[in-house]
Amino acid sequence: MRTKLLGAFCLLFPLLSVAADIQRITPITSDNSVKIEVTLSAEAGEHLLLDATIVGSQNKEKLCNFSKEYLFNHKTDTTVILATHQLTPKLWSPVSPVLYDLTLKAGKQTFQKRIGFRKFEMHNGVFYLNDKPIYLRGNAINPPERGIPEQLEQSKDFARDYVRYMKSLHINIIRIPDNQNWMDVCDEEGMMIFAGRYGRPKHATKTAPPTDFELSLKTYKEIDLGPFTSHPSVVIYILSNEMPYEGKVGDLYRDFLTRMYQELKKWDSTRLYICNAGYGLGKSADIYDVHRYWGWYYNSFLTYLNMRDKDMWQNPGKVQPITFTECVGNYTGIDGRFNLCSRTKQPGSQKCWTGHLPDAKQAEAAMTYQAFVLKNATELFRRLRSQNDCLAGTMPFTIVFHHWDGVSSFAEMKPKPVARQYQLSYQPILLSWENWQSQVYAGKKLSAVAHVVNDDDYGNGLSNARLHWWIEHEGKKVISGENEFPFVPYYGTDKLPLTINIPQNLPTGDYLLKGEIYSKDKKVSYNESELFIAGKDWNNPADTETTVFVYDTTPEQQTLNCLQRKGYSVKTASSLTKLPMHSTFVIGKDSWDDNLDRQTEELKAYVNKGGRIICLEQNQTTFNSSWLPVKVKFLEHSNNDPVYLSPSLAYKDGMNINLERPYHPIFSGLNPRMFRLWADYTSYDESKNGFPAIYPVNTGYELQSSSIEDVAILANYSRALAGTALSELFVGKGSILLSGFDLIDHCEVDPVADKLLSNIIQYMAVNKKHEQYVAVNDSIIWGDYASERGIVNAPCNGLMVNTIPIIPKGQEELPKYKVQVDEYGYQYAGSYGGWNSKPGVQYVTYGRRPMAPFTFSRGGSPIVDTSSTVGEGYFYLALPRKAKTMVTVLENPVDEPLNISLSVTDGTWEKYIIQPKQQLIIRTNISHLKNKMKVTLKGDRRTILLKTIIKKTQK
C-alpha cells in the first residue's frame, strides 16, 4: 500500500533527494490496527517516504507492510500519521503475551519499536480485554524509584525476577513509572500496567491547573504518556493523582482534566483513562477511581461492605468500572513493624491497630494485620460483584517486601506475609470464607458461607466442582465435610452457606477453618479463616456468694438475665439509698432513665463511701454523665460510615482493642488477639443490609478532661488511641467502671466477651484495694510500650512518641537521607514522609516529647500549636515503699541548648538546660512522697524524655 501526497510544488519541480529529520515515532495499536505518529522537522521542498514493516517478535512472520509518501511545501515542525487497519494479528494478553517488531524506514533513518495488539475497553461497568471480561488484581507500590540501587533496578533481569514473582502471586496489573526496561519486561511476561502522571499536571499549582492548555496537551503526549504508547501492557492512563476536588479549585481542575481527557482520547482511544486518581471519582474520564485507606488511616475493613451500594459509587447517567487504585496502606517497615514516619498520620494509625503491644510483638502483629486488611479489601471487592457488578479492580498501596535499599538481587528483597495473602486472595478461582463468628464455643453451631469467584485466567467456566472443608487444630482435622458446587460461569460468583456443628469435646485454642475447591479432581483454589474455640474449661465459675445489684429497665431485662444465666447471685435495685455499703451496683445495658437521672447525687455519695458501680454500654442520647468525676463525651460516628474524611478522630465502635494494662485482673485469661473481633449475634450475612455485630466496642467514649488523675484507662482504641473502651474512675473510697464494650448482646455467643464480663463482675465485687496508678519500682524506657506499662495512655497526657529514622547502612551521608530536626522536634530523613517512597528507611520509637497542646487533623495527623515551641506533658505512677530518688534522662538532638522544666507533684518547677547533642541526667529527691507521684515536663518540644528510673537509694 503506497500513497503519494503531492502539493502544487511537486507539479512544477522534481522531488528533491532529501528527507525530513525524524525526531520521534509514537506507535499506538488496537486489536486490528496500528497508527504511527511521526514527529519531524522539514525544510521547504523536502519529501519523506515512510515504509513500515511488522513481523512477529518470535517467529519473524510478516504481519504487514505499508508505506506513505509526503512532500512539504514549507518549512515545518509537524507530526504526520502512518496507519493501517483490518489486520489479523495474534493478540497480547497476560496468558499469551504475543509481541511484534515494528520497523519504520524513513530515507536513511531506520526506527524500531516492539509493539503488541490488544483491545482494552469497558462495557456496563466491566473491563474487557480482547472481548472477555477481566478483573484487575493489582499492586500499586513497586520498583523502580523506591530505593533499589539504580544499577540493579535498571537491570532487565531484576525487573523480570520481580515481575515473575508478582505473577506467581496472581497479580495481573502493577503501577510503575516511565522505565522502558520495566515496560519491556511487562510486555514480555504478560503483566498489565496502569501508569501516567502521578501528582499535579506539569505547570499546575496547588490552586490552579495549567493555564496553557496546548502546552499541557503536548506535555502529556510527549512526556507523560508518550513513552507508554508502544507497550501493549499499558492499559490505563493516569493524568493526575489526588488533585483538589471540592470548591472553586476543584471545579477548575475538573474542567481542565475533562477537556484534556477529551483531547487525549482522540489521540489514543486504545486505553482507558483516570483523570484524577483517587479523588476525581470518574467525573472527568472513564473509570470511577477511588483511594480509600479503610482499616488504616480511618474506618475499618467492614467499611468495604458499603461497596454493595452501586448507586453510592456511580455518577448520574454513567455506568463506570469502579477501581481502588490505592487502598490497604498498613506500611510496615524493614523489620515488619509499622513505619512511624514523623509528623505524619502513621504513628496515630499504628496505635489504632497494634496499640501498645511490646516491641517484641509489634512486627508480627503489624504484618498479620497488614495481610488481614489486604485479604478483606481484595476478597470483599471480588465476592461483592454479585451485588455490584461494577466492582472492577483493586490495587493495594502497601509495602510487600522487607528490603529495598542496598539489595544486590531480587531474592534479597524478602517478601512479607502480605505476599502470601496476595497469592490466596488473588487466586483466579477464589474460594473466600465469609465468617462473622471468629470466636465460638465448642458444642455450638458455626455459620459460614463459602464464596466462589471465577476469574479464571483462560476464561473457562467452573464445572464439576466440589468443596472439601475442615476445621484444623495443631495440624489435625477435628471435623470435615464435602459439598458440591453448581456450575460457575467465567466472571461469575456463587456461594454455599454451611452450618458446622462444632464438636463438644474440643480443647480451648486457636483453630483454622480450611477449604479446597476441586474441579474435575484438580484442586483449583484454597483458603482459610481463623477461629478461636472455647472448650468446657473456658468459663470461670461464678462467685455465688457475692450478691450483685442490677438496675435493668430494658423490656427484655437483658443484663439481669445474662448474669443469672452465668450463675451470679443477682438482685434488682431501683434506689441507691437501700444498697449495702461496699456493694456492687450494675447499671444494665441501655438502662439509664429518669429515675437514675434523679439520683445522680446518690450515685456520687454511694461511690464516695466505697461502693462500686459497673456502668455497661448506654444510649448516648439519654445517658447523663454529669455524676462522673471526669468529663466524658460519648462518640457518635461509626467506623461503618464511608464518609470521607471522618468527622472525628475516634469512632464509637471499634476493633483491635488495645489493653493498656494487659496484666490487670479484668483481663485475666485473655490476650490482645482476642479483642480484634468478636462473634456476630445477629445471624448476619452480607446479602443482608447493614453490618455484622463484630466490633468488641460499640459505645466508646472520649475523656475530655485536661487531667486524668482519677482515671485508670484499662482499654482504648481508634486513631491515636483517642477512644476509650474501659476505664475505672476513682471517687473517694469507691470507683466506677465505665464500659463501652458490647458485652450483653454477646452473652453466651462470644466466649471472650463472656470471660471479660465475668472478670469485671469478680473484680468489682471483691472488696480489695484497686490500683489507681501503675506501680513502678524500676525503670521506664519511654517509647518502649512494655516498659511503659500503660502509664501514658491518652492524647491528653501530652507526651507524644518520638520517632527517629534508621538510615540504610552505607547511605547515611546521602542528601536524600540527611537526618534533620524541625522546630517542633520531629526528626526526618531528607524530607517528611517516605513511608511509601522510601520504604528502606524505617522510623522507630525513641523516647517521648512534651508536645501539648496539640490536636489532630481529620486525616489523623497531629496538629501542633505553632504559636510556641514550648510543649508540656505529664504522667502519674504509683511509688514503691521507701522510694528515694527519681532519675530522669533527657536528650537534646539539635545543635543548640534546650530549656526544659521539671515538676514533681507539688507544682514547683526546676529549670534545666540541655547542652547541644547531649543527654542530661536529673536526680530528684522523692523520699517525702507517698503512694503516688505526678511528673510534668514543660519546655522546648525538641526535648526527648528517654528514661525514668525509681530508686530506693539517694545515689
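Residue numbers for the sequence shown, in mature numbering (1 follows the signal peptide of the UniProt record, and there is no 0): -19 to -1, 1 to 936. Glycine residues also receive a C-beta, built at the ideal position from the N, C-alpha and C atoms.
Over what stretch of residues does the beta strand (DSSP E) that includes residue i continue unbroken?
i	result
Asp82	Tyr81 to Ala87
Lys552	Ser550 to Thr553
Asn748	First-last for Asn748: undefined, no H or E at that position.
Ser513	Here the sequence assigns Phe to residue 513, which means Ser is not the residue at that position. Counting along the chain, the beta strand (DSSP E) containing Phe513 begins and ends at Lys503 to Ala515.
Asp491	Gly490 to Ser500
Determine the DSSP secondary structure at residue i, reduced to helix, strand or coil.
i	result
Cys596	strand
Val381	coil
Ile483	coil
Leu795	coil
Cys(-10)	Residue confidence is low: Cys(-10) scores 37 on pLDDT, short of 50, so the model does not pin down where it sits. No coordinate-derived value is stated.
Asn740	helix
Lys247	helix
Thr866	strand
Arg178	coil
Ser281	coil
residue 953	With the chain covering -19 to 936 only, the question about residue 953 has no answer from this structure.
Ser882	strand
Val733	helix
Glu463	strand
Phe672	coil
Asp765	coil
Cys45	strand
Thr705	strand
Gln132	helix
Arg447	strand
Glu126	coil
Asn542	helix
Glu393	helix
Candidates the options: which alpha carbon is nearest residue i's?
i	options	result
Leu918	Val851, His909 and Lys932	Val851
Glu170	His151, Gly314, Ile460 and Glu134	His151
residue 968	Ser136, Trp414 and Ala423	In the structure displayed, the chain extends from -19 to 936; residue 968 sits before or after that span and is not available.
residue 944	His645, Tyr278 and Gly840	Examination of residue 944 is not possible in this model, given that the chain is present from -19 through 936 alone.
Asp887	His909, Thr866 and Leu233	His909
Phe835	Leu879, Ser506, Met781 and Met103	Met781
Arg642	Asp634, Leu630, Ile595 and Val692	Val692
Tyr439	Val613, Tyr644, Gln580 and Asp112	Asp112
Ala176	His184, Thr186, Asn160 and Lys183	Asn160
Thr349	Gln331, Gly261, Lys819 and Leu616	Gln331
Ser572	Ile460, Arg593 and Phe604	Phe604
Gly548	Ser688, Lys614, Lys395 and Cys728	Cys728
Lys915	Thr905, Ser884 and Asp921	Ser884
Asp437	Leu117, Pro653, Ile568 and Pro861	Leu117
Gln93	Leu52, Ile6 and Trp248	Ile6
Trp890	Pro8, Ile17, Lys898 and Thr905	Thr905
Leu233	Pro182, Ile725, Leu544 and Ile62	Pro182
What are the residues that DSSP puts in a beta bridge with residue i?
i	result
His272	Glu307
Asp58	Ser22
Thr10	Val15
Phe722	Val678
Arg289	In DSSP, Arg289 forms no bridge with anything.
Gln420	Phe513
Thr313	Phe319
Phe53	For Phe53, which the question treats as bridged, DSSP gives no partner whatsoever.
Asn697	Asn639 and Thr705
Lys113	Leu110
Asp475	Val433
Trp414	Ala431
Name the two residues that bound the continuous alpha helix (DSSP H) containing residue i.
i	result
Pro328	Gln327 to Thr335
Phe353	Asp340 to Arg364
Met147	Lys137 to Ser149
Ser406	Pro398 to Ser406
Considering only residues of the stretch 567 to 638, which uninterrupted alpha helix (DSSP H) runs meet the minimum length of 4 residues and lie entirely inside it, listed in chain order? 575 to 578 and 581 to 589
Going along the chain, which unbroken runs of the beta strand (DSSP E) with 3 or more residues stay wholly within the stretch 807 to 840? 808 to 810, 823 to 831 and 835 to 837
Continuous alpha helix (DSSP H) assignments of at least 4 residues falling wholly in the stretch 171 to 241: 194 to 200
What ranges does the alpha helix (DSSP H) occupy inside the stretch 888 to 930, keeping only unbroken runs of at least 4 residues that lie completely in it? none
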